[in-house]
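Asks: Attaching a single structure in structure tokens format; questions to follow.
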Amino acid sequence: MKIWQKTAVGLLFGALVSMGGPALAQDKPTELKIAFPVDVPSWDPTAFTAPPGQSIFKAVFDSPMFVDDNQEAVPRLIKSYRWLDDEGKELELEFRDDVYFHDGSKMTAEDFKFTFDRAIQNKTLSLNGMMATLTSVEVIEPYKAVATFSIASPTVLKYLGFLAAYILPKDYFEKVGEAGFQKQPIGAGPYKLVDYQRGSRITLEAFDKYWQGEPDIKRVIFEIVPDSSARVAAVESGRVDVSAQIPVREVARLEKNPKLEAKVYPYSEIYILQIPSYVDTFQSVHLRRAMQMAIDKQGLSRAFYNNVAKPISLLATKDSPGDVAGFDTPFDRDKAIEELAKAGYSKDKPLKIRLFSSNNTFPSDYDMARAIAQMWSQIGVETTVEEITVAKYLELSHSSKLDGVMLYSWANATGDPEIFTGRILDPRMRFSTWKEPELGDEFDRLNTQMDEEKRLEGYRQLNIKAAENAWSIPVLQSVSTIVHNKDLNVPTYQTGYILPQEYSWK
Amino acid sequence: MTLAFSLFARRLGSMFVTALCLSVVVFIVLRMIPSDPLAMLLPPSATQADIDAVRIELGLNGTIFEQYMVWLGRALQGDLGSSIYFREPVTALLATTLPATLELVLVSLAIALLISIPGGILLYKLEGRKGEMGADFFLVVLLSIPSFLWGIILIIVFGVMFPILPFMGRVDPSFAVPSITGFMLVDALLQGDLRALVDAFSHLILPALALALSFSPIIVRVLRSSLLETATEQYVMTARLRGQSEWNVLLRHMLKNAALPTLTLIGVQFGFLFGGTLLIELIFSFPGIGNLMVQAIKNFDLPLIQGVALVFCLMVLLINFCVDSLYVVLNPRVKTS
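Keeping their order, the protein sequence lines are chains A and B.
In terms of my numbering, the first sequence opens at residue 14 and continues consecutively.
In terms of my numbering, the second sequence opens at residue 1348 and continues consecutively.
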């Protein structure tokens, strides 16, 4: 090709790209692009409890309560609350009178009633499962309602700030119907949804009537990028300002980029090994203890999470209300071998088990499962690692057909032990795999205990008992990663939420 | 033309029968997987009665035959059921995502042809010459790189090292292209928005190229073999004896005949090209049915998996029908027999 031909092709290509390319960056950006790993399944926020999508829901919708960075449930759309009885069955809620939905209508107690009545009636909504004891909501004044529960429900205020508890606009929802709402959802959150391309992009615009004031960043675009390499490329090339859930090994490399800031931080999720009690092999407490003691948790943290993930011995995150300071189930291979011998197995007479793990549901899950299998094999528990989807695991767990151990992650932004231990080990729950019959009554007692100190102390004792019996093996407190443009203020939270409404350009 | 018409009609008829058989296979295979799609739908506090009620509501309680007949009856009316995970009709989900995938596949097919026709000719011309071994080796290397790896390589080179091409989504968010046909290029054209058209096209280049790069080496190989075979034909000798230039013989006589086996191959390989969209759409955040299928599988969304699988099958059948039809039109032997 001659030089003039090359030049012409180059100019044409350059012109095409610049014609099609985004507008040049302004001095003071008003737009923020976030590469995010997951899309929301649908725009009914009361229908899902999947933790990763909550950050998007929190930008568009708002909840009665809010779990802050100290994991305290604080009033949000609720102004105040009080129990009307000593039994914890009647809760009066007073709502703010300055909250607007995106269509300009005011939020009232009727909207709260509509949202939660809908959940009571529809078993397929996740909010139904989250507020299982709620029986009715009565509006007593435009901004006051009384919620009635079938049994004492001391933790309900936490649930009102947790997954799926978002207030929907009654009039709008009834006008457009469920399908119409899914197409054009509105909430009372800081951002309005202006464009949605499923599996690709969510475009939000700041809501000028947001009750906490219009957010600093006027336009937020969530680019849905499921592939982690593409999320790294997106932030590295400057095509996005923030990339969430970057592989930990990439964080160290991106930290050296002068234009970027990379963080690895612990948050309120735990990695645990779920053991099925209905498989005879696992009935031996010695075997379970041996498996527990054989895991070098610190080593796993070092190998896969830059040593930031904290080893845990209880079904609780460090310093959360269910944690017990000083309690530890240390890594001790020799003792593990001794315990395994009591169960009747050794390296010469090994036990063969299966360890299930998802692949890339949380960072380095499958790699960690392989490392654990290796550690177990060293004491005489020959472990085969098998990949499984979360859907398949839930199905096996729900039907009590899990025939091996499962490496699983459990998110709980509230940090409350009822949502850790109370859910993981409740034998009546479909996702508990250790079904200790006596625990049902124990949970009933604790979950209806209105004395907060007694409730938490009860859970701490139960956590110790669970660890000593190794009903479920806690491994690590999870870490989250985020990489962003250095010119952006990005607060991180131990709830793990990505909240663009709290971000600002420097 | 009567013969050609009868061939089309027969092919169309067999396509419908095949589609019906495929629907049975897809339905039965998915039902035989020992998984319960309700696992992701109901909250953990749901009782057995709740599970049974939802199972009846979703039509999952009868025998496989009963379930199939209910599903087929609805499918023939355009109702493929509702997605368990997305809580939307499957047809609505397919309607929004299928055009994106078709656009991607068609552009990648065009790129593959742009690469493989000159590539095939070049390899034919190199036959018995110095560069033949090198070209063959290069082709083997290209053949062994899967499309998803091409995707990652292209992102690193043209997205990060030399950031000249976008690699996320279908169009930059600064463009508002209303969906008329669902095909971004067509919609931008209908709107008369040239900038959006160019931007949408630039978004297609990398994912389409990734698919095309893994597809074109196969076409190159077949085209070269066909050209080599055609080179020994009597009419080629005659053309040469009549004094026509080698390029004239190649482009006017040989290529047209050598194109027929290539065309058949494209039809056969189209299914692989379509299947390749699963990973490519995921890597490039492209909102097509490949991406949708990955979500459906992850969440064991039975009605959606069924719907997408059926669409995949129908697309492959349709393309094969088009290729067969083209074959009839292009092949003088079939036309005159």
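Quick reminder that beta carbons are idealized off the backbone N, C-alpha and C, glycines included.
What is the C-beta distance between A:D282 and A:W423, in whole angstroms, given that I count them as a contact (C-beta under 8 Å)?
Replies: As written in the sequence, residue 282 of chain A is Glu, which differs from the Asp given in the question. With a Cβ gap of about 6 Å, A:E282 and A:W423 count as contacting.
Asks: Can you tell me whether A:F127 sits near the ligand FAD, meaning its C-beta is under 6 Å from at least one heavy atom of the ligand?
Replies: With respect to the ligand FAD, the structure shown offers nothing to examine, as it has no ligands at all.
Asks: Roughly how many angstroms separate the alpha carbons of B:L1677 and B:A1442, rounded to a whole number?
Replies: Cα to Cα, B:L1677 sits roughly 33 Å from B:A1442.
Asks: With which residues is A:N419 paired in a DSSP beta bridge?
Replies: First, the residue type needs correcting, since residue 419 of chain A is Met and not Asn in the sequence shown. The partner list for A:M419 (beta bridge, DSSP) reads A:Q287, A:F369.
Asks: At which residues does the beta strand (DSSP E) containing B:F1484 begin and terminate?
Replies: Run containing B:F1484: none in the beta strand (DSSP E); it sits in the alpha helix (DSSP H), 1479 to 1491.
Asks: Around the Cβ of B:A1482, are there at least 16 other Cβ atoms within 10 angstroms (buried) or fewer (exposed)?
Replies: The residue in question, B:A1482, is buried, as its Cβ has 16 or more Cβ neighbours within 10 Å.
Asks: Could you check how far apart the C-beta atoms of B:F1433 and A:K405 are, in whole angstroms? I think they sit under 8 Å.
Replies: Actually they do not touch by this definition, with Cβ atoms about 19 Å apart.
Asks: List the residues that DSSP assigns as beta-bridge partners of A:M78.
Replies: Per DSSP, A:P88.
Asks: Determine the direct distance from the alpha carbon of B:I1403 to that of A:S250, and round the result to whole angstroms.
Replies: Going from the Cα of A:S250 to the Cα of B:I1403 covers about 51 Å.
Asks: In the structure shown, what three-state DSSP assignment does A:A38 receive?
Replies: Summary for A:A38: the model assigns pLDDT 44, below 50, so the residue's position carries little reliability, and this model does not support an answer.
Asks: Please state whether the Cβ-Cβ distance between B:L1574 and B:A1605 is less than 7 Å.
Replies: A contact, by the Cβ cut-off of 7 Å.
Asks: Measure the Cβ-Cβ separation of A:L45 and A:P513 and say whether it is below 7 Å.
Replies: In contact: A:L45 and A:P513 (Cβ atoms closer than 7 Å).
Asks: Since A:S256 sits in a beta bridge, which residues does DSSP pair it with?
Replies: DSSP output for A:S256 lists A:A48, A:V496 as bridge partner(s).
Asks: What are the start and end residues of the beta strand (DSSP E) that includes A:Y204?
Replies: 204 to 210 is the span of the beta strand (DSSP E), which, as asked, contains A:Y204.
Asks: Compute the Euclidean distance between the alpha carbons of A:Q507 and B:T1365, then round it to the nearest angstrom.
Replies: Straight-line Cα distance between these residues: approximately 55 Å.
Asks: For the segment 211 to 246 of chain A, which segments carrying the beta strand (DSSP E) assignment without a break, of at least 3 residues, lie completely within its bounds, in sequence order?
Replies: Listed in chain order, they are 214 to 219, 232 to 237.
Asks: Go ahead and label B:C1660 buried or exposed: buried means 16 or more other beta carbons lie within 10 angstroms of its beta carbon, across all protein chains shown.
Replies: So B:C1660 ends up on the buried side.
Asks: Relative to the alpha-carbon of B:V1371, which residue among B:F1668, B:G1654, B:I1666, B:Y1674 has its alpha-carbon at the smallest distance?
Replies: When each option's Cα is compared against that of B:V1371, the closest is B:G1654.
Asks: Between which two residues does the beta strand (DSSP E) holding A:F108 run?
Replies: Residues 103 to 108.
Asks: Excluding the 5 residues flanking A:A386 on each side, which residues of the same chain have their C-beta closer than 6 Å to its C-beta?
Replies: Cβ within range, chain order: L368, T396, V398.
Asks: Under 7 Å, Cβ to Cβ, is there at least one residue of chain A near B:L1445?
Replies: Not closer than 7 Å to any Cβ of chain A, the Cβ of B:L1445 fails to qualify, so no.
Asks: How many Å lie between B:M1345 and B:E1593 at the Cα?
Replies: Since the first and last residues shown for chain B are 1348 and 1684, residue 1345 of chain B lies out of range.
Asks: Indicate whether A:E236 and B:M1515 have their beta-carbon atoms separated by less than 7 Å.
Replies: It is a contact, given that the beta carbons lie within the stated cut-off.
Asks: At which residues does the alpha helix (DSSP H) containing B:S1672 begin and terminate?
Replies: Note, B:S1672: alpha helix (DSSP H), 1649 to 1677.
Asks: Closest by CA to B:V1524, which one among A:K272, A:Y209, A:D52?
Replies: Of the candidates A:K272, A:Y209, A:D52, the one whose C-alpha sits nearest the C-alpha of B:V1524 is A:Y209.
Asks: Run through DSSP, which three-state label would A:N502 get?
Replies: In this structure, A:N502 counts as strand in the three-state DSSP scheme.
Asks: In this structure, does DSSP put A:E100 in helix, strand or coil?
Replies: Here A:E100 sits in coil by DSSP.
Asks: If you check the beta carbons only, do B:A1457 and B:G1635 fall under 7 Å apart?
Replies: No, the pair does not count as a contact, with Cβ atoms beyond the cut-off.
Asks: Please list the partners that B:G1406 has in chain A, where partner means a Cβ-to-Cβ separation under 9 Å.
Replies: Residues of chain A passing the Cβ test: none, with the nearest at roughly 15 Å.
Asks: Helix, strand or coil, according to DSSP, for A:S9 in the structure here?
Replies: One cannot answer for residue 9 of chain A here, as it falls past the ends of chain A, which runs 14 to 519.
Asks: Quick one: does A:Q39 have its CB under 7 Å from some CB of chain B?
Replies: Interpretation of A:Q39 is limited by its pLDDT of 48, a score under 50 that renders its predicted location unreliable; the figure taken from the coordinates is listed afterwards. Not closer than 7 Å to any Cβ of chain B, the Cβ of A:Q39 fails to qualify, so no.
Asks: In whole angstroms, what is the alpha-carbon distance linking A:Y510 and B:L1419?
Replies: Answer to the nearest angstrom: the Cα atoms are 43 Å apart.
Asks: Cβ of A:P440 within 7 Å of Cβ of A:Y472?
Replies: Not in contact: A:P440 and A:Y472 (Cβ atoms no closer than 7 Å).
Asks: Mapping DSSP to helix, strand and coil, what is A:I385?
Replies: Helix at A:I385.
Asks: At a Cβ cut of 8 Å, what residues of the segment 151 to 184 of chain A count as close to chain B, listed as they run along the chain?
Replies: Listed by position, the residues of the segment 151 to 184 of chain A near chain B (Cβ gap below 8 Å) amount to none.
Asks: Closer than 7 Å, CB to CB, is A:S242 near chain B or not?
Replies: So yes, A:S242 belongs to the interface.
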